[in-house]
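Protein chains in written order, with my numbering: chain A, 1 to 513; chain B, 1001 to 1283.
Below is the structure:
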């Protein structure tokens, strides 16, 4: 006889932020069907921004009134402090990204193509390049992706994590291919991201299968329990963990799994690059942090050496390959690989201070990235964005304000004091030192120095070389891009000057088991 | 749990078959053959699942994978062109050797690891409700129980995935029809056909005669002359020029009963109806 199934307890107040974003995405899809084409953009922008704000309010209400460290949906979704902090981070960064996506002033009609179905390079395509409309489906897709990211970093079992991984990735693959300019490059980026992402998902899934075979459960806590109490062979555990981590490290564009990053960052429409660079990083590292600490924390003696090597490779690869780049977007992509390595140092501390440092690093890096890509989208010539480094020469003379902001952001990426980048590197390395991974910290310092070289090179290029005669112009940004850049720059400055409140928030608690 | 003799027999038949399918998929040159080999693997796996107390999973495997996904695969292959194949030029030198070495290495590692750790494990079995901790016996009840209790959230979340996929297909494939310059709608096509074309109806089909039934055979009009519209311009074997030459040679008043446009001449049997067909046959 079967017993009647009873629904698990659901903490609706706790998951309200996710449900609001998902619901808004569904409403956005319906609006696409029923709202006249001319009004869609306005309606979608209002809906998306409203959804994020309402979700943030719901999150704030839950933080003050709700219980601490619980989980809901039969333990699938953790509502612990790191998860809620990451939700807040994702919502804030999502707001910035939506602002960049919504801009229609910098590129008339927006950075997204008017009709993706038209073949690139045809007569129709040339005609639509100048039309002032865009595929407004981008907004619901971005919301779906955002919701997937929120679930990804709070998923407490591997099955939910996998579904969330797909929910966050699928819209990203799609949106990468929707650039208005250089469409072939953009579509190539989308296909590359999709194929490699599919491979990474397959690895992830294979790892989940092996771990289920080991622990008879996909819950992170059960895996930790199974690893602790027995003397049977650990081969399945570590094989599964390795495959699982390949999938996760791929999403975080860490070390040797970064090969998609430069091409996709370069090809994707710049607002989407900002969204990927900031939010995907947060989601991926939130998940890596949770998986490593909750599921594999008890066996860390066995695997941590390999992860140190991965972190080291990531830092050095990103820093060294970044030097050779001649394209701004590619350069920031390689810098993100290096930053992924620094982030791993914080993760590998595997204690409370490590969580705090990683969470702080994620929020400060995210805001800097969004602002930096906002600036990149403003430097344009006749064919669209002018991302070649040589065309940025002498920008300081032509547009002092923009060059000043970009200089500040590059200094933040390099980790110079008075920027959030310095504080985040400091706390991450401090956590690494106290956890006893000094060699990795030393390597991190060396890699930071190497990376600082190419950031400074851009600054030198902007201020100390003569502008080219046919160089790019700096477009006057519209309201939305201005807001996004201002937000990112102010947060970068604020967290650099007065980081303690954010560090306190980030360090309020550990993971629920 | 013990392994029964029948289960063992089934395994030793199906295991090699599925392995052969997988290898065949890798090494066959034609994409269609690859897909068919993959079907073999999936069918064998489906039956293996059924043998192992998981009939539901087995049926789903067959319906979804071989039924839906592989057929979709074949459709796509047919649309993309059966002959289109990937370039086999190595962009990175030595890439294939390294890839196969590392691939074999990974496979060895996984197989060795799994074999080592599953060697002395007692399987729980799927028919035992106590072992899998939910519901009653039977696949469907257990899966249903799990879906709506333990995995309720991921189950509901898959709907977001489906919506995304649907929108994605629409965004990438759908183009609005413009009045100017875009693709014509059906109404515009019909209007154009009536306005510009002298023939609003369909073109005549190819001729079907006792002597020939090839699509390359032209149809005859009631007066016995050849309906040139009945020949498709895209069929390369249609010797349109030859018909024109024959027509020039032939009598202007052919015999409709002869079923050949130039039968009156009868000099060398080069009847214009039979010639394209015989030419095609001789190829």
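Every residue, glycine too, gets a C-beta built ideally from N, C-alpha and C.
With the criterion set as a beta carbon lying under 7 Å from some beta carbon of chain B, the members of the segment 235–267 of chain A are 235, 236, 239, in sequence order.
Between residue 150 of chain A and the set B/1094, B/1207, B/1157, B/1148, the nearest pair of CA atoms involves B/1157. Distance check between residue 172 of chain A and each of A/281, A/416, A/382 places A/281 closest, using alpha-carbon atoms only.
Residues are counted here when their Cβ sits less than 8 Å from a Cβ of chain B; for the segment 122–149 of chain A these are 123, 124, 127, 135, 137, 140, 141, 144, 147, 148, given in chain order.
For the 8 Å CB-CB criterion, residue 409 of chain A and residue 368 of chain A form a contact.
In the DSSP assignment, residue 1164 of chain B forms no beta bridge with any residue. Across the set A/381, A/111, A/85, the C-alpha of A/85 shows the shortest separation from the C-alpha of residue 283 of chain A. At least one C-beta of chain A is nearer than 8 Å to the C-beta of residue 1117 of chain B. For the segment 1018–1067 of chain B, the full-length alpha helix (DSSP H) segments reaching 4 residues or more read 1031–1051, 1055–1060 along the chain. Between residue 465 of chain A and residue 349 of chain A, the CB-CB gap reaches or exceeds 8 Å. The segment 432–451 of chain A makes no contact with the segment 372–379 of chain A: fewer than 3 CB pairs, one atom from each, lie closer than 8 Å. Counting only runs that start and end inside the segment 38–115 of chain A, the alpha helix (DSSP H) elements of at least 4 residues fall at 81–102.
With respect to the C-alpha of residue 499 of chain A, the residue from A/357, A/128, A/170 having the closest C-alpha is A/357. Counting the other Cβ atoms within 10 Å of the Cβ of residue 156 of chain A gives 16 or more, which makes it buried.
When rounded, the separation of the alpha-carbon atoms in residue 219 of chain A and residue 255 of chain A is 27 Å.
Taking all protein chains shown into account, residue 417 of chain A has fewer than 16 neighbouring C-beta atoms within 10 Å of its C-beta and is therefore exposed. Residues 345, 429, 432, 433 of the same chain have their beta carbon placed closer than 7 Å to that of residue 441 of chain A, with the five preceding and five following residues left out of the count.
In the three-state reduction of the DSSP assignment, residue 385 of chain A falls in the strand class, which pools E and B. Taking 8 Å as the threshold, the shortest C-beta distance from residue 1054 of chain B to chain A does not fall below it. Along the segment 357–445 of chain A, the beta strand (DSSP E) occurs as fully enclosed runs of 3 or more residues at 379–381, listed in sequence order. For residue 474 of chain A, DSSP records a beta bridge to A/379.
DSSP places residue 343 of chain A in the helix class (H, G or I) of the three-state scheme. Rounded to whole angstroms, the Cβ separation of residue 189 of chain A and residue 264 of chain A is 5 Å, and the two are in contact under 8 Å. A Cβ-Cβ separation of about 13 Å leaves residue 105 of chain A out of contact with residue 134 of chain A under the 8 Å criterion.
Within the segment 1144–1168 of chain B, contact with chain A at the beta-carbon level (separation under 8 Å) is assigned to 1144, 1145, 1148, 1149, 1150, 1151, 1152, 1153, 1154, 1157, 1158, 1160, 1161, 1163, 1164, 1165, 1167, 1168.
Proximity of residue 1113 of chain B to chain A, defined by a Cβ-Cβ separation below 8 Å, is satisfied.
Between the C-alpha atoms of residue 28 of chain A and residue 1053 of chain B there is a straight-line separation of about 44 Å. Cβ-Cβ distances below 8 Å link residue 180 of chain A to 107, 109, 110, 111, 112, 113, 114, 129, 134, 269, 384 in the same chain, with the five nearest sequence neighbours on each side left out; the list follows chain order. Between the alpha carbons of residue 336 of chain A and residue 72 of chain A lies a distance of about 33 Å. Note that the C-beta distance between residue 1051 of chain B and residue 1010 of chain B is below 8 Å. Under DSSP, the beta-bridge partners assigned to residue 219 of chain A are A/157. When the five nearest sequence neighbours on each side are left out, the beta carbons in the same chain lying within less than 7 Å of the beta carbon of residue 137 of chain A are those of 32, in order along the chain.
CA-to-CA, the gap between residue 373 of chain A and residue 299 of chain A works out to about 40 Å.
If you check each beta-carbon in the segment 1031–1053 of chain B against every beta-carbon of chain A, none falls closer than 9 Å. Burial of residue 204 of chain A is indicated by the presence of at least 16 other C-beta atoms within 10 angstroms of its C-beta. Within the segment 108–123 of chain A, the residues whose Cβ lies closer than 8 Å to some Cβ of chain B are 115, 116, 117, 118, 123, listed in chain order.
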